[in-house]
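Residue numbers (our numbering): 101 to 395. Worksheet: one structure, shown below.
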């Protein structure tokens, strides 16, 4: 079943679209993956670039996701780490783009590291660790990171970490972990995250699914109800955002001539497969929310 509907094709400037967010006026903004200039792009209703803003004190090493706080500040995650060789990763914090009147701005700079990362680790050790991030959200004055798992053999887990939402250097604090799937890693990688405007729903995106989390305890998003939503199409999906509490928008990159589109789903109009209810796991063995001990 095709649970999503294509609603837009993006401008050629956004072939590697990796993060999206809606501003205060519900206008859509997007960023490109690493290699582009450190710019945000405002899009019109058909996916064309209307405006761009350059962050003067930023670099786009590997921009991967965007999120927004309760005051409308945008956060841009420059934390892609494909080779697990970047010890310190960066997040840029700027004003809500609709409040920026010029075509340039400057950002507060947030730095973080995984406390398990040790400089000089050999390649095999780094390959088995969770130092790559492509998804994050803002929640109650903190930022929450979801790792892109590059373990070998692949175990399908994404780890949840917390850091501060203000300029500084942070050691990411481990909270919990969740396993999406273990069959093919490219289909299981978590590539984006979004929190609903009412802060009651979290979604994680992979290449063919949305994972929906509700009724969690505290800030452990993996502690509550968990649902799986089949999106009905396998593409290189890289960005997701809530438009309303019920409407979700997600995108895919252009890969082998396929993608570069935006899609929409309505949560009240899709089939949601229950994976776990109120802390009780179903028979689906792909779910694992047991905490691990920090070293």
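C-beta atoms are modelled at their ideal positions from N, C-alpha and C, and glycine is treated no differently.
(Q) Going by DSSP in three states, residue 369 sits in which element: helix, strand or coil? (A) helix
Q: Indicate whether residue 215 and residue 271 have their beta-carbon atoms separated by less than 8 Å.
A: yes
Q: Kindly list the residues whose CB is nearer than 6 Å to the CB of residue 321, restricted to its own chain and excluding five residues on each side of it in sequence; keep chain order.
A: 302, 313
Q. When we look at the beta-carbon of residue 337 and count the other beta-carbons within 10 Å, is it buried (16 or more) or exposed?
A. buried
Q: Ignore the nearest five residues each way along the sequence and tell me which others in residue 347's own chain have a CB closer than 7 Å to its CB.
A: 364, 366
Q: Within 10 angstroms of the Cβ of residue 267, are there 16 or more other Cβ atoms? Answer buried if so, exposed if not.
A: exposed
(Q) Here's a check: name, in chain order, each residue in its chain whose Cβ is nearer than 6 Å to the Cβ of residue 175, leaving out the five neighbours to either side. (A) 167, 191, 193
(Q) At 3 residues or longer, what runs of the beta strand (DSSP E) sit wholly inside the region 163-193? (A) 163-168, 174-178
Q. Quick one: Cα of residue 140 to Cα of residue 350, how far?
A. 17 Å
Q: Go ahead and pull the three-state DSSP assignment for residue 198.
A: helix
Q: Measuring alpha carbon to alpha carbon, tell me which of 344, 327, 378, 204 ends up nearest residue 370.
A: 327
Q: Determine the direct distance from the alpha carbon of residue 122 to that of residue 343, and round the result to whole angstroms.
A: 7 Å
Q | Neighbour-count burial assignment, residue 104, 16 or more Cβ in a 10 Å radius | A | buried
Q) Between the Cα of residue 299 and the Cα atoms of 264, 210, 289, 318, which residue gives the shortest distance? A) 318
Q. With DSSP run on the structure shown, which of helix, strand or coil describes residue 112?
A. helix
Q.
So within the region 260-296, which uninterrupted alpha helix (DSSP H) runs reach at least 4 residues, ignoring any that extend past its ends?
A. 285-288
Q. Residue 332 to residue 144, Cα distance in whole Å?
A. 26 Å
Q | Limits of the unbroken beta strand (DSSP E) element including residue 158 | A | Counting along the chain, residue 158 falls outside any beta strand (DSSP E), and DSSP gives it neither H nor E.
Q | Three-state class that DSSP yields for residue 119 in the structure shown | A | strand
(Q) Could you check whether the Cβ of residue 344 sits closer than 8 Å to any Cβ belonging to chain B? (A) Structure shown: chain B not included; a single protein chain is present.
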